[in-house]
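Trainee: Each protein sequence line maps, in turn, to chains X and S.
Going by this note's numbering, the first sequence runs without a break in its numbering and finishes at 209.
Going by this note's numbering, the second sequence runs without a break in its numbering and finishes at 418.
Submitted below is the structure of interest, expressed as structure tokens.
Number of protein chains: 2
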Amino acid sequence: MLKTGDTLFHEGDERERIFVVESGWLKLSRTLSEGQRQIVGFPTRGAILGFEGPLDHVNHCEALTATVVHAFPVSALIQLCHDPRFGGTLLRQLGMQLGAAQTQLTSLGAQSAAQRTAAFLIFIADSCFDDEREFTLPMRRIDVAEFLGLRLETVSRMFGSFQQRGWISMQALYQCRITNRRALAALASGSRTMKSFPLPSRRIAANEY
Amino acid sequence: MLKTGDTLFHEGDERERIFVVESGWLKLSRTLSEGQRQIVGFPTRGAILGFEGPLDHVNHCEALTATVVHAFPVSALIQLCHDPRFGGTLLRQLGMQLGAAQTQLTSLGAQSAAQRTAAFLIFIADSCFDDEREFTLPMRRIDVAEFLGLRLETVSRMFGSFQQRGWISMQALYQCRITNRRALAALASGSRTMKSFPLPSRRIAANEY
DNA sequence: CGTCGTTTTGACGTCTGTCAACGTGAGTGG
DNA sequence: CCACTCACGTTGACAGACGTCAAAACGACG
């Protein structure tokens, strides 16, 4: 049981337990020698935490929202793995997390700032559907930036462009509604570029979805 | 048993088997809709291949050198997991691969072209020590570039800079010797930047390590 | 020697980072 | 209730790293 801002474990801590997330959002990050940070993921329900290295924790993990996690000693997880009911599930979950990390690799390595931001918005929207098409960003701009490998100013500009084009609308800083999913998806997939959507002279009506 | 250039599986293929690498080098990659590719890793001895997604292969996998892999049906891998002798090892291996992907994420998101290239050279050198301090790059420039999220021209320029500074020397296109590991490591760790190592006016002698 | 694929090198453009100023909203205390 | 502060976000001007495009060099192979 963690509340916003609580740290579950630090980079370099000796690993005593493995965690499985029951509910809520966390952020998993690494720090390079001189202040650069990279967020490697936003674990949520079902994620296995603390199994990325052989001995010590290689990531820092902190709660973004109120969060419930279950703790297991490493040996218990391995025991659990021998149980025919769970072993396969565990392996599969780790496989999924590996696949997700690789997807993020592709995004960081091969996509522009606009593409990454569009993909990110769609991903978050799909993960936390508060309402019909409105959702609450569980993280701040700086976290988005460090996840996407951008500067927060760049993220802010992207959010701005998307609003100008009428693709999203933001009632409050963390309240977002996607109003043109198709355009965002086209951008994220790379089938169109930002420049191929010229800036409209007028504000686009919110019903053009 | 694969030879250079053989494909082990394609992105989108139905997954029938999981593979464990016995020896050799492969490359694991993804293609985005419009021609962009990202290499997500260079699996070698010990790596588990094909477990990154729930059903179909999400990556393309191809041999860079002559390679030996063992194939298992998915169910067999899960059975193997129930065996106390292997379950823990399997989980740990997947955890390691996840950790490696996250490390690469950090590199792509937070480091400069020079840093990534330096870290890559050190990584490869440590993985394939043919000789004392000389090794054969198992992949071409384009593969390095797509792994590091750079253009091949940029990789070529980085190799060039490192040679000019006397940090590496290349007898042939794929024969590399690290002659100043400390400088490369300082660059990779971020404790110094490229600009803080001014270009020498003369060629540096190879014994300055 | 000629061809082909790969790598290197150069000139140039642009995306994104950097730095700085300004805006905004929440919380606090007078 | 309002002034003040502080953290966070937005916006603008500018610069630099890296991408893009094109040509030349290089090595392998017939």
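Glycine included, C-beta positions come from ideal geometry on N, C-alpha and C.
1) Just to confirm my understanding: we take L185(S), look at its own chain, exclude 5 residues before and 5 after, and list those with CB closer than 8 Å. What are they?
2) Using beta-carbon positions only, say whether Q18(X) and G53(X) come within less than 7 Å of one another.
3) Kindly indicate which three-state DSSP category N207(X) falls into: helix, strand or coil?
4) Are any of the Cβ atoms in chain S nearer than 7 Å to that of F120(X)?
5) Can you name, in chain order, every residue of its own chain whose Cβ lies under 8 Å from the Cβ of L64(X), other than the five neighbours on each side?
6) Which runs of the beta strand (DSSP E) at least 3 residues long sit entirely within the segment 355 to 390 of chain S? Give them in chain order.
7) Which residues in chain X have a C-beta closer than 9 Å to the C-beta of M305(S)? List them in chain order.
8) Which ranges does the alpha helix (DSSP H) cover as unbroken runs of at least 4 residues, wholly within the segment 61 to 108 of chain X, from first to last along the chain?
9) Name the DSSP beta bridge partners of T240(S), please?
10) Can you tell which of V249(S), C270(S) and R366(S) has the C-alpha that lies nearest to the C-alpha of G308(S)?
11) Buried or exposed for V229(S), going by 16 or more other Cβ atoms inside 10 Å?
12) Less than 6 Å between C-beta atoms, sequence neighbours within five positions excluded: which residues of the same chain meet that for L217(S)?
13) Closest Cβ-Cβ distance between I387(S) and chain X: below 7 Å?
14) Considering just the uninterrupted stretch of the beta strand (DSSP E) at F8(X), what are its terminal residues?
15) Between R411(S) and the rest of its own chain, which residues show a CB-CB distance below 7 Å, the 5 nearest in sequence each way excluded?
16) Does the beta-carbon distance from R37(X) to T31(X) come in below 7 Å?
17) Consult DSSP for L264(S) and reduce its assignment to one of helix, strand or coil.
18) Checking contacts by CB at 7 Å: is S191(X) closer than that to chain S?
19) Could you work out which residues of chain S lie near I78(X), taking near to mean beta carbons separated by less than 8 Å?
20) Residues in its own chain within less than 6 Å of L211(S) by CB, not counting five upstream and five downstream?
21) Judging by CA-CA distance, which residue of E231(S), Y383(S) and Q324(S) is the nearest neighbour of V278(S)?
22) Can you grab the Cα-Cα spacing for the pair I178(X) / S127(X), in whole Å?
23) Whose C-beta lies closer than 7 Å to the C-beta of F169(X) among residues of the same chain, with five residues either side of it excluded?
24) Please report the residue range of the alpha helix (DSSP H) in which T117(X) lies.
25) Does S112(X) come within less than 7 Å of chain S when only Cβ atoms are used?
26) What are the residues that DSSP puts in a beta bridge with V353(S)?
27) From L173(X) to A319(S), what distance separates their C-alpha atoms?
Mentor: The answer reads as follows:
1) In the structure displayed, chain S extends from 210 to 418; residue 185(S) sits before or after that span and is not available.
2) This sequence places Ile at residue 18(X); Gln is not what is there. No. Outside cutoff.
3) Confidence in N207(X) is poor, its pLDDT being 43 and thus under 50, which makes the residue's placement too unreliable to answer from.
4) no
5) T4, G24, W25, L26, K27, F42, P138, M139 and D143
6) 377 to 381 and 384 to 387
7) Near M305(S) (Cβ distances below 9 Å), the residues of chain X are E52, G53 and P54.
8) 74 to 82
9) DSSP output for T240(S) lists R246(S) as bridge partner(s).
10) V249(S)
11) By the neighbour-count rule (16 or more Cβ atoms within 10 Å), V229(S) is buried.
12) C270
13) Taking 7 Å as the CB threshold, I387(S) stays off the interface with chain X.
14) As written in the sequence, residue 8(X) is Leu, which differs from the Phe given in the question. Start and end: T7 to F9.
15) Confidence in R411(S) is poor, its pLDDT being 49 and thus under 50, which makes the residue's placement unreliable; the coordinate value appears in the next sentence. Result list for R411(S): empty, nothing under 7 Å.
16) yes
17) coil
18) yes
19) G296, G297 and L300
20) A272 and T276
21) For the residues E231(S), Y383(S) and Q324(S), the minimum Cα distance to V278(S) belongs to E231(S).
22) 13 Å
23) Residue identity check: residue 169(X) is Ser in the sequence provided, not Phe. Cβ neighbours of S169(X) beyond the five flanking positions: Q163, R177, T179 and A206.
24) A113 to S127
25) no
26) Answer is none; V353(S) lacks a bridge partner.
27) 26 Å
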